[in-house]
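Visitor: One structure, as structure tokens, below. Some questions next.
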Amino acid sequence: TLKDNVNALLDKARLESHESTSFLKAAKILRN
Amino acid sequence: SDLEQLCTYVNEKIENIKKILLIRNLGQDPALKTTLSKIGDEIITINELLNKLELEIQYQEQTNISLKELCESLEEEFKDVEHLK
Amino acid sequence: MEAEVDKLELMFQKADSDLDYLQYRLEYEIKTNHPHSAGEKNAGTILKELSAIKSRYQALCARFKEVSVEQKETKSCICALLNKTMTMIQDLQKQTNLELTLLTEEEKAVTEQLK
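Protein chains in written order, with our numbering: chain P, 546 to 577; chain Z, 61 to 145; chain H, 453 to 567.
If you want it as structure tokens, here you go:
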């Protein structure tokens, strides 16, 4: 249903947010 | 083609009217009324979820900007090292 | 031929306005027969809100997809640049007989993470 789709996309967006934040941190550490 | 677009446009309108015809007398039946109010509640819930989703996407867009800035500065630094070499 | 085309165009316009009028009358009928009561919306409003929610979901899907693709590209660019730069620095250190700066544990861990 639409609600399920929205929930699935929200979970995916949260996961990607988490990944990109830790990637950014890691890249900055390595750069320094 | 234009004609196909015109057909789609007219068909969508007809579909909308059919839907409204289906729900035309919905409000009279008490049982269906509760269904309607449940759907109304679901819409509120989904809108709240979409608000959260929009916030996540805005956060992603911000992170994108930071990643791009980092990428640009790394390119500069790579050129410096290359120049050094 | 021109006259035929004009006639067809008029027919389409007439059909379009008839459909608009039909929809307006139906929505008006629902509104008058079933006015909003406290906390309860009528079916016409619910129908409109449903289509609004669907189109909003579609728009957010497209936006999310765009952001994801962009992010993947930027991340791979960052990885490639970091790799190239670190390799070149190590080459430079060898050439100048400088002592190779070893990666700290933390740097090793993030290198693995980025890989």
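We treat Cβ as the ideally placed atom computed from N, Cα and C, and that holds for glycine.
What's the C-alpha gap between H/V519 and H/M463?
Guide: Computed Cα separation, rounded: 45 Å.
Visitor: Taking 6 Å as the cut-off, is the CB of Z/L130 close to at least one heavy atom of the ligand ATP?
Guide: The ligand content of the structure shown is nil, which means the ligand ATP is not present either.
Visitor: Interface residues of chain P around H/I530 at Cβ under 7 Å?
Guide: Simply A572.
Visitor: Any beta-carbon of chain Z closer than 7 Å to the one on P/L569?
Guide: Yes, because at least one Cβ of chain Z sits closer than 7 Å to the Cβ of P/L569.
Visitor: Would DSSP call Z/K145 helix, strand or coil?
Guide: Z/K145: coil per DSSP, three-state reduction.
Visitor: Measure how close the beta-carbons of P/L569 and H/F516 come, nearest whole angstrom, since I'm counting them as under 8 Å.
Guide: Between H/F516 and P/L569 the Cβ distance is about 18 Å, and since that is not below 8 Å, they are no contact.
Visitor: Helix, strand or coil: which one does DSSP assign to Z/T95?
Guide: The answer is helix: DSSP assigns Z/T95 an H, G or I state.
Visitor: Does H/T537 come out as helix, strand or coil in the three-state DSSP assignment?
Guide: If DSSP states are grouped into helix, strand and coil, H/T537 belongs with the helices.
Visitor: Establish whether the CB of H/L533 and some CB of chain Z are separated by less than 7 Å.
Guide: True, the Cβ-Cβ gap to chain Z drops below 7 Å.
Visitor: Taking the straight line between their C-alpha atoms, what separation do you get for Z/E75 and H/L566?
Guide: In a straight line, the C-alpha of Z/E75 is about 51 Å away from that of H/L566.
Visitor: Within 10 angstroms of the Cβ of H/Y509, are there 16 or more other Cβ atoms? Answer buried if so, exposed if not.
Guide: Burial call: buried.
Visitor: Using a Cβ-Cβ cutoff of less than 8 Å, which residues in the same chain neighbour H/Q547 once the five nearest sequence positions on both sides are dropped?
Guide: Excluding residues within five positions, none has a Cβ falling inside 8 Å.
Visitor: Which of helix, strand or coil does DSSP assign to P/K573?
Guide: Correct three-state label for P/K573: helix.
Visitor: Do you know how far the Cα of Z/K73 is from the Cα of Z/K93?
Guide: One C-alpha to the other measures close to 26 Å.
Visitor: Would H/S528 be called buried (16 or more neighbouring beta carbons within 10 Å of its own) or exposed?
Guide: Burial call: exposed.
Visitor: In chain P, what lies closer than 7 Å to H/V521 by C-beta?
Guide: Here the premise fails: no neighbours, minimum Cβ distance about 11 Å.
Visitor: Please list, in chain order, all residues of the same chain as Z/T123 whose beta carbon is under 7 Å from its beta carbon, the five residues on each side excluded.
Guide: There are no such residues.
Visitor: Can we say the region 106–122 of chain Z touches the region 558–565 of chain P, given the rule of at least three CB pairs closer than 8 Å?
Guide: Contact between the region 106–122 of chain Z and the region 558–565 of chain P is present, because at least three Cβ pairs lie under 8 Å.
Visitor: Please state whether DSSP places H/K493 in a helix, a strand or coil.
Guide: Coil.
Visitor: From the beta carbon of P/A558, is the nearest beta carbon of chain Z less than 7 Å away?
Guide: True, the Cβ-Cβ gap to chain Z drops below 7 Å.
Visitor: Using a C-beta to C-beta distance shorter than 8 Å, which residues of chain H count as neighbours of Z/C131?
Guide: Chain H residues near Z/C131: T526, C529, I530, L533.
Visitor: Beta-carbon within less than 8 Å of H/T556's beta-carbon, same chain only, minus the 5 sequence neighbours each way: which residues are those?
Guide: If we look at H/T556 and ignore the five residues flanking it on each side, it has no Cβ neighbours.
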